[in-house]
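Taken in sequence, the protein lines are chains A and B.
Mind the numbering: the first sequence is residues 743 to 968 in the numbering used here, read in order.
Mind the numbering: the second sequence is residues 743 to 968 in the numbering used here, read in order.
Read the structure below first, then the notes.
Protein chains: 2
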Amino acid sequence: MRVAGILLVEDDPSVRMALELALTRQGHSVTSYVTGEEALDHIRSRRPEIVILDVMLPGIDGVEVCRRIRKIDQLPVILLTARGDDLDVVVGLEAGADDYVVKPVEPRVLDARIRAILRRAESAASDRIGFGDLVIDRGALKVTLANKEIHLTPTELRLLLELVRHPGQVLNRRYLLRAVWDHTHVADSRLVDACVQRVRAKIEPRPAEPVFIHTVRGFGYRFSPP
Amino acid sequence: MRVAGILLVEDDPSVRMALELALTRQGHSVTSYVTGEEALDHIRSRRPEIVILDVMLPGIDGVEVCRRIRKIDQLPVILLTARGDDLDVVVGLEAGADDYVVKPVEPRVLDARIRAILRRAESAASDRIGFGDLVIDRGALKVTLANKEIHLTPTELRLLLELVRHPGQVLNRRYLLRAVWDHTHVADSRLVDACVQRVRAKIEPRPAEPVFIHTVRGFGYRFSPP
DNA sequence: ACAGCACGTCACAGTTTCATGACACAACAC
DNA sequence: GTGTTGTGTCATGAAACTGTGACGTGCTGT
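As structure tokens, then:
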């Protein structure tokens, strides 16, 4: 499943939560804020893939936020508004927005528009998959858990990628040794176990009760989404 | 004023003429056709800047025309339709369209949407691209940081351009050696590292904590905007 | 309960990897 | 020729990574 790091700015709590839920269901990872200032701060530190801005915001409005984003970056921006006035649309798009969507919007439509813009914006389509909170970007070789980046060492990353390549399948130790390490290692070492444990310590909320990497006693390990 | 070569496909004569007139007034140069086949023929010979497709067309419909365009080109496409059904929108965008506009549409709005899409489509192919303070002019082969020109040697520039061509992606040393140098170098040399350090020394405010070119231990380097 | 086994956990030292700066040499302009 | 610039290589040290083995824990069948 392709996912995007979406920054949502919407002051109305019910709309915000509904959108957040809907977009998360579509497989996106969403961070939301209430004001434009907060969003701009966020963008300066951690760059999202796309920004969805309500136009009517307390403080600086969405169109102005969009202008300020454009000054520093060419991040994709979708403006969201209750007013579908023609003039508003023109002003919004001229402020640099990539799309202008009138509320209420069907989640599938918003999702399709997000994907259309990302398709155009990402020259090199990044190749990401998400499993709940866990997002693995194979192009950037980045792993994030609940939007927080997790640092994995090369071997840990190769192991996780190998497991993820076969979701739901049990992979035995011999297979993993050959796939992740070179074949010079002996089969009875605790090497794979140790590495699995290291990965678990980083990606599992409770490593003792793993959600992602499950032990199948006597056979090996299985990666399966929660 | 910036103008675009627009290819308009619309079978209803009155709508076609109205749009043609309106878009011409906005400063665009418009060529129009009645059927998708004609339009596809035109595209194969002379590539327009953007295609506006009515969905309901005699013969192959607009969505299918869009799919066929996508098979051969990344041309910007706007779908135009009288039906604003949510499902239609999703199907249209998934066929590869960049926007989906419901008729009747105010000419100024259509114009604004055309410009928004062209802006995005051009920035990907544009000669100048900015990442925060860093601006890279691929046409003039100049790099500026906070408006101050940075002098990069040819090799350094080729390396930076190669990294920037794949923003966010990790590129390994072997790939960079082949892309930036010729293939006559041995794979295990520290050549790439040394060149990365030289580029960092010039573009990174604090080379020890790089903002643009990140080391991904065991894999390679990744350029990502701050 | 018990032995036997499979797996989890942990610390640490040897190894690998990378940043840094120095240096030699080639290319080039003057 | 002479100085300048660009480029590849190398040594060095610091930091990060990783295999290993000893031991702990929990499961399984008798």
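We put the beta carbon where it would ideally sit given N, CA and C, even for glycine.
Item, Value
"Exposed unless 16 or more other CB atoms sit within 10 angstroms - verdict on PRO790/A", "buried"
"CB contact below 9 Å: ALA839/B versus chain A", "yes"
"Straight-line Cα distance separating THR957/B from ALA950/B", "11 Å"
"Helix, strand or coil at GLU762/A [DSSP, three-state]", "helix"
"Chain-ordered chain B contacts of ILE945/A [CB-CB under 9 Å]", "Result: empty, since nearest Cβ-Cβ is about 18 Å, beyond 9 Å."
"Expected contact under 8 Å - CB spacing of VAL944/B and LEU894/B to nearest Å", "The identity of residue 944/B in the sequence shown is Lys, whereas the question assumes Val. LYS944/B to LEU894/B, Cβ: 6 Å. Contact."
"Any chain B beta carbon closer than 9 Å to VAL793/A", "no"
"Minimum Cβ-Cβ distance from THR895/A to chain B less than 9 Å", "yes"
"Simplified DSSP state of ARG948/B, which is helix, strand or coil", "coil"
"Per-residue DSSP class, three states only, for ILE802/B", "coil"
"CB contact check: ARG880/B to chain A, cutoff 9 Å", "no"
"Chain-ordered chain A contacts of GLU848/B [CB-CB under 7 Å]", "ASP828"
"7 Å Cβ cut-off: residues of chain B touching ILE814/A", "GLY874"
"Cutoff 9 Å: PRO790/B Cβ touching any chain A Cβ", "no"
"ARG907/A in three-state terms, based on DSSP", "helix"
"Secondary structure of THR897/B, DSSP reduced to three states", "helix"
"9 Å Cβ cutoff, ARG862/A in contact with chain B", "yes"
"Own chain partners of ALA764/B with C-beta closer than 6 Å, once the 5 adjacent residues on each side are dropped", "PRO849"
"Proximity test, Cβ basis, 9 Å: VAL797/B and chain A", "no"
"Contacting residues, own chain, Cβ-Cβ under 6 Å from GLY747/A (five flanking each side not counted)", "SER771, PRO790 and GLU791"
"Of the listed residues SER774/B, SER931/B and GLY769/B, nearest to THR750/B (C-alpha basis)", "Note on identity: in this sequence residue 750/B is Leu, with Thr being the wrong assignment. It is SER774/B whose Cα lies nearest to the Cα of LEU750/B."
"8 Å contact criterion, which ARG900/B and VAL877/B should meet: CB distance rounded", "Actually they do not touch by this definition, with Cβ atoms about 18 Å apart."
"Neighbouring residues, chain A, relative to ARG964/B (Cβ below 8 Å)", "ALA882 and LEU883"
"Proximity test, Cβ basis, 9 Å: ALA866/A and chain B", "Because the pLDDT at ALA866/A is just 43, under 50, the model does not fix this residue reliably, and the point stays unresolved."
"Integer Cβ distance of VAL912/A from ARG964/A, believed to fall under 8 Å", "5 Å"
"Coarse secondary structure for SER966/B, derived from DSSP in three states", "coil"
"Three-pair Cβ contact test at 8 Å for the region 797-813 of chain B versus the region 819-837 of chain A", "no"
"Supposed contact pair GLY778/A and VAL807/A - C-beta distance, whole angstroms, cut 8 Å", "4 Å"
"Rounded straight-line distance, which links the Cα of ALA936/B to that of LEU919/B", "12 Å"
"Distance between VAL847/A and VAL844/B (C-alpha atoms, nearest Å)", "14 Å"
"Under 9 Å between C-beta atoms of ASP879/A and ILE859/A", "no"
"Every unbroken beta strand (DSSP E) inside the region 830-899 of chain B [3 residues or more]", "841-844, 870-873, 876-879, 884-887 and 890-892"
"Contacts of ARG809/A in chain B (Cβ-Cβ under 7 Å)", "Chain B residues near ARG809/A: none, gap ~14 Å exceeds 7 Å."
"With 16 other Cβ atoms within 10 Å as the buried cut-off, status of ARG870/A", "buried"
"Rounded separation between ASN889/A and ASP875/A - CA only", "8 Å"
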